[in-house]
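Input: a single structure, listed below in structure tokens.
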Amino acid sequence: MIRFFDILLSFLCLILLSPILTLLFFIGLFDTGSPLFRQERIGRFEKPFILVKFRTMSLDSDSVASHLVDSSKITKFGSFLRKTKLDELPQFWNVLKGDMSIVGPRPGLFNQQELRNERKACGVFDFRPGITGLAQTSGIDMSTPKLLAETDAKMLRTIGIVDYFQYIIITTMGKGQGDAAKR
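The sequence shown begins at 442 in my numbering and counts up by one.
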């Protein structure tokens with residue numbers, strides 16, 4: 442049932458938000474010259490996929506977890522995108538393709554070995570990664586791998602359709618955190 446809502450909501454968001462997506466794309470062209478950020482992430486069953494977001498940092502930024510980011514690399518427009526969570530909107534494409542869910546554990550990088558090991562031990566990779574979830578709405582980021590993996594596993598064990606919509610509502614109301622990098 443959750444996959445049905447993932448497809449329906451991501452399709453509707455991409456269609457309804459297309460004017461905003463287009464505007465942000467063109468503003469991003471002037472900001473960095475390359476408005477879309479693509480990065481290989483760990484997906485369900487540890488299979489790689491390419492995550493798509495709006496670029497929030499300069500092109501010469503290192504490919505590291507958000508808590509390790511050099512905050513001086515975040516552009517002014519990127520700071521606005523991060524604060525408003527608008528940088529996440531292109532991920533609805535990942536949801537529509539089946540790489541992600543709207544609600545699930547944030548997809549990690551392959552170089553985050555400690556987080557990868559903790560998530561493997563907790564069975565987190567049996568599920569699609571997501572745009573938001575319990576960890577994000579609780580302010581837990583990737584700087585605490587064990588706590589993050591345990592929180593992800595707790596959410597995945599108990600999630601139902603009501604929880605799914607609650608995480609979405611909480612996030613759209615501005616309560617989602619989980620991104621340690623700030624300008």
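Just so you know, even glycine gets a beta-carbon here, dropped at the ideal spot from N, CA and C.
The DSSP-derived three-state label of T516 is coil.
Taken in chain order, the unbroken stretches of alpha helix (DSSP H) that lie wholly in the region 549-597 and span 4 residues or more are 554-563, 575-578. For T525 and L575, the gap between their C-alpha atoms comes out near 18 angstroms. Between Q480 and T497, the alpha-carbon positions lie close to 13 angstroms from each other.
For F495, there is no enclosing alpha helix (DSSP H); the residue is part of the beta strand (DSSP E) that begins and ends at 489-495. The beta carbon of I443 sits closer than 6 angstroms to those of Y605, all from its chain and outside the five residues before and after it, given in chain order.
Distances from the alpha-carbon of I456 to those of F533, I483, I611, D528 put F533 closest.
The beta-bridge partner set that DSSP reports for F478 consists of K494. Taking 8 angstroms as the cut-off, the Cβ atoms of V493 and N535 count as close. Looking at the DSSP output, I483 sits in a beta bridge with P489. Around the Cβ of M583, a 10 Å sphere holds 16 or more other Cβ atoms; the residue is buried. Rounded to the nearest whole angstrom, the CA to CA distance from L449 to G539 is 12 angstroms.
Following the DSSP letters along the chain, one finds S459 inside the alpha helix (DSSP H) bounded by residues 459-473.
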